[in-house]
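Asks: Position one of the sequence shown corresponds to residue 12 (the working numbering), numbered consecutively onward.
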Amino acid sequence: MPRAVIALGSNQGLREEALSNARAAIAGLPGTRILKAARRYETAPVGVPPQFAHLPFLNSALLVETSLTPEELLAALLRIEAEAGRVRTIRNGPRPIDLDLILYEGVTLDTPLLTLPHPRAAQRDFVLLPLADLGVTLPDLLANRIP
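If you want it as structure tokens, here you go:
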């Protein structure tokens, strides 16, 4: 079964609870099993509007095994975000949960809905730190592989 890496982040509301709830929701997806979870890191926001620069993120990542296709997994992640109260009104604004599909084993995509591997993951420490906990290094990310 393919493996995938999902980044989790929250900078609004009860951040710890948001990450825990998202992890539980991902674990409950059909044909999906969490293999490993990264520690949680508090990080400064990147690329947010100035009025939200004071809201730090809590970030983590999951290594999962899934029978869902990349598109199905992305759709499920977007549903989890919506159910947690995420509303996309302000670009890079505060969010109770942010779920990004970073890697999907053996798949490279560039569509209007999904780019794999994630195009900016290699430039963001808030993604790279949790990925290192999963055993995914920058060279792995750049080579689109999960060790």
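Every residue gets a Cβ at the ideal spot worked out from N, C-alpha and C, and that includes glycine.
(1) Using C-beta distances below 6 angstroms, list every residue in its chain close to Thr54, excluding the 5 sequence neighbours before and after it, in chain order.
(2) Exposed or buried, which one is Pro128 when buried takes at least 16 other CB atoms within 10 Å?
(3) What does a CB cutoff of less than 7 angstroms around Ser78 pick up in its chain, not counting 5 residues either side in sequence?
(4) Hey, which unbroken runs of the beta strand (DSSP E) at 3 residues or more fall wholly within the segment 88-125?
(5) Please classify Ala48: is it buried, with 16 or more other beta-carbons within 10 angstroms of its beta-carbon, or exposed?
(6) What is the rounded straight-line gap between the Cα of Arg90 and the Cα of Leu19?
Replies: The structure says:
(1) Residue numbering aside, residue 54 sits at position 43 when the sequence shown is read from its first letter. Same-chain partners within the cutoff: Phe68, Asn70 and Phe137.
(2) Reading the sequence shown from its first residue, position 117 is the one you call residue 128. With 16 or more Cβ atoms within 10 Å of its Cβ, Pro128 is classed as buried.
(3) Here residue 78 is taken as the residue at index 67 of the sequence shown, counted from 1. The answer, listed in chain order, is Met12 and Gly42.
(4) 109-115
(5) Counting from one through the sequence shown, the residue named residue 48 turns up at place 37. Ala48 comes out buried.
(6) One-based indexing of the sequence shown puts residue 90 at position 79. One-based indexing of the sequence shown puts residue 19 at position 8. Spanning the two alpha carbons is a distance of roughly 14 angstroms.
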